[in-house]
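See below for the structure under consideration.
In our numbering, the protein residues as written are 9 to 496.
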């Protein structure tokens, strides 16, 4: 099922972007710190980081007074990442309501690595063996960094609406868990003692924040194959499509999911276009099976969790050993009803959207350069990343607008000043003044970022949009200075 973005945008334009405000003023309107000065500082800091996106804090702030104010904001104990993202969460909810159709919530974890003189101030993500010392004893390197588990809301055709939940942590909190697993069966350890508990927390938080469980479809990779997560989604009345890696017991315990699926006949085939490691595109054929099964919890937890009636989908590429890429073997599990081949393919396409959250994380790291900050403690870094999450979503949203919908009014994404500047830079005859669309203007922005806009060129990507917006900001500053008759 696809979302009609034309109706979505025109009917709910005010929920997306009031034209008389800059976008971050609208996006941050729901933030309310206890101190009024913090509200002002937060908005000024966000504007500075947006105008100097991808650069250091001193570069973005331009002078020592603003830079010092930024450092004070990040070190303030009364500020946390949830308060920073509160306004964005509310805006995401408004865009979610405007979508009115099934919406995907993509869950994934990413890691931010740092090098610090005192790694303990940031925390660790893993311990890596580096060989042996002169006495033959093993040496280890503790990797310094922070982990982030995010939940990104997107429409079924790929337009990102914003974040619905986010968690930050380091592995210090779970120190000793791996040692515990050596002596105790991991399935017997309570889920709230495991690092994977973040999946349950984010699923519950995102579902409650969006206030429409039946409209949400949670998407996760193999790391989401957690029976407690299935059970929690069932209790919340929400939906999921997760990739599995565990061969769970099925029926009355006499068989497993994989054994059952091997006995099933192929329901049909699906043709899919993929790209190999060399960037070459090719079409592959998938054999698809789907079956409604009774899935049992792990034996040690059958007293605590009930069996669930779920649908299993297996999509396996016909070619066994493709060149320059891995063979596609997707094993999905869902609580959604599947009564036809088309319905099964739809769920596969929804799962394929999961890569978009990886793109979001890439923007955070490559665009905002979140791993290059010089802040020294985890608390300060987390607050900065929280602001970068808002900026990264905005870039991703504008990039996908060009691909998802061609007729959205330009006022949804740009201010009147930005529109006038782009009109002055490049005259376009392809539209009437009353019918200006985002698509037309995103091409202009992309050209500022180095996009050639040739007929054979693909749609502009996040990096091009990022560079174009950076240049547009500088040009706007020049226009504003010129309008004040500088020097006269």
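Every residue gets a Cβ at the ideal spot worked out from N, C-alpha and C, and that includes glycine.
Between residue 86 and residue 126, the alpha-carbon positions lie close to 24 angstroms from each other. Bridge partners of residue 155 according to DSSP: 119, 177. A Cβ-Cβ distance of about 38 angstroms is found for the pair residue 386 and residue 356, leaving them out of contact under the 8 angstroms criterion. Listed in chain order, the non-local C-beta contacts of residue 479 below 6 angstroms within the same chain comprise 456, local neighbours out to five positions each way being set aside. Around the beta carbon of residue 363, fewer than 16 other beta carbons sit within 10 angstroms, so the residue counts as exposed. Membership of residue 104 in the alpha helix (DSSP H) is indicated by the continuous run 89-107. A contact is defined here as three or more CB-CB pairs under 8 angstroms, and the stretch 218-229 fails this definition with respect to the stretch 258-277. By the Cβ test, the stretch 328-342 is in contact with the stretch 307-319, since at least three Cβ pairs between them sit closer than 8 angstroms.
Relative to the Cα of residue 58, the nearest Cα in the group 109, 239, 482, 198 belongs to 482.
Per DSSP, residue 412 is one residue of the alpha helix (DSSP H) stretching across 386-412. Ranked by how close their Cα comes to the Cα of residue 331, the residues 288, 295, 307 have 288 in first place. By the C-beta criterion, the stretch 170-181 is judged not to be in contact with the stretch 424-435, since fewer than 3 inter-stretch pairs fall below 8 angstroms.
The DSSP-derived three-state label of residue 205 is helix. Take the alpha-carbon of residue 211 and the one of residue 159: they are about 8 angstroms apart.
Inter-residue distance for residue 240 and residue 208 is about 7 angstroms (C-alpha atoms, whole angstroms).
Residue 470 places its beta carbon less than 9 angstroms from that of residue 403.
Residue burial annotation: residue 136 is exposed, with fewer than 16 other C-beta atoms found within 10 angstroms of its C-beta. Per DSSP, the beta bridge partners of residue 278 are 294. In the three-state reduction of the DSSP assignment, residue 221 falls in the helix class. Between residue 374 and residue 410, the CB-CB gap reaches or exceeds 9 angstroms. Contact between residue 55 and residue 32 is confirmed by a C-beta separation of about 6 angstroms, below the 8 angstroms threshold. Note on geometry: alpha-carbon atoms of residue 280 and residue 286 lie some 18 angstroms from one another. Around residue 116, the same chain offers 365 as residues with beta carbons nearer than 6 angstroms, after the five sequence neighbours per side are excluded. In the DSSP assignment, no residue is bridged to residue 381.
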